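Taking the working numbering, the leading residue of the sequence shown gets 1, the next gets one more, and so forth. Okay, structure first, notes after.
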Amino acid sequence: MDFRALAMGLAFAFIWASAFTSARIIVADAPPLTALALRFLISGLLGVGIALALGQSWRLTRAQWRATAIFGISQNGLYLGLNFVAMQTLEASMASIIASTMPLLVALFGWIMLGERVRPLGVLGLVVGFAGVALIMGTRITGGVDLYGLVLCIVAVFALTAATLSVRGASSGGNVLMIVGLQMLLGAAALGLAALVAGEAWEVTWSAKLIAAFAYTTLFPGLIATLIWFLLVRRIGAVRAATFHFLSPFFGVGIAALLLGERLGPWDVAGVAIIMAGILAVQLSKQARAAA
């Protein structure tokens, strides 16, 4: 792996993990579903506009339309919508830790439900990774974590896992930025409808911090991280690129502690290190399987 690929991977992991902190700032002063719908509307229009300028087409394959629909609703609507609602009462660090288990869940359900072969290193990684999650959850629950927000985050990551398993490989064939933009527009529509059904009030406490957080989450996690990811996959392949997910728990809790002052106890540090080791083992196992 060359230096440029390493820098891209680190940038992606950092930006992806930072989204939980910016989301926590947003939902403290704005309605979560409406704010997220507006974010996706802006990101989606920018994504589609840039895609058209680059000559990408609206004419997607059937698999691409399927991926667009599933991820637009499941990832942008359900997964992120539930996380935004949850972070009204749940710390950003806890939400990021739960979300970081997605690679572990994909490997686990791919093994159990789809019969995919998992090497011994991958099995060890699953055991170690989930042990780290259990350690942190046990400590947080006994310390008084909001159970409603916790359940919402768990449902959200399972929804994203199911969507990931159902459409893997469907983004092949080009037009990736167009697909991303359309996914965001579908997510905006779903979240806007959910906000109306829920009767979410438009009550915003405007501040420079809120505007900065909204602009950041719209441009960086919304568009720039996605572009970095696809460029990284093109450069080193999806299996090797996915290895950088092991850094997400570290960046997630570190950024939340630095910017939001969220507590970070010794058991949290130990749990994050264990989860990182588990995710890394699973991803290295996939690399070995791909090379075999």
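C-beta atoms are modelled at their ideal positions from N, C-alpha and C, and glycine is treated no differently. Computed from a predicted structure; not experimentally measured.
- Per DSSP, the continuous alpha helix (DSSP H) segment holding Arg62 begins and ends at Arg62 to Phe71.
- Taking 9 Å as the cut-off, the Cβ atoms of Ile255 and Phe12 do not count as close.
- Between Leu259 and Ala86, the alpha-carbon positions lie close to 19 Å from each other.
- By the C-beta density criterion, Pro120 is exposed, having fewer than 16 other C-beta atoms within 10 angstroms.
- Taken through DSSP and simplified to helix, strand or coil, Arg119 comes out as coil.
- Distance from the CA of Phe220 to the CA of Ile15, rounded to the nearest whole angstrom, comes to 7 Å.
- Leaving aside the five residues that flank Trp58 on each side, the residues in its chain whose CB is nearer than 8 Å to its CB run, in chain order, Met178.
- In this model, Arg263 and Ile97 are separated by some 14 Å (Cα to Cα).
- Closest option to Pro31, judged by alpha-carbon separation, among Gly149, Gly192, Arg140 and Val155: Gly192.
- In this structure, the beta-carbon distance from Ser74 to Leu152 does not fall below 9 Å.
- C-alpha of Trp111 to C-alpha of Val118: approximately 7 Å in a straight line.
- Counting other Cβ atoms within 10 Å of its Cβ, Tyr148 stays below 16 and is therefore classed as exposed.
- Per DSSP, the continuous alpha helix (DSSP H) segment holding Asp29 begins and ends at Phe3 to Asp29.
- Residues Asp146 and Gly149 of the same chain have their beta carbon placed closer than 6 Å to that of Thr89, with the five preceding and five following residues left out of the count.
- Closest by C-alpha distance to Leu185, out of Gln56, Ala277, Asn76 and Arg24, is Asn76.
- Counting only residues of its own chain and dropping the five nearest sequence neighbours on each side, Glu116 has a CB closer than 7 Å to the CB of Gly110.
- Counted as a single uninterrupted DSSP element, the alpha helix (DSSP H) harbouring Val176 occupies residues Val176 to Ala198.
- Around the beta carbon of Ala212, a 10 Å sphere encloses fewer than 16 other beta carbons of the protein chains shown; the residue is thus reported as exposed.
- Taking the CA atoms as reference points, Val269 sits about 28 Å from Thr164.
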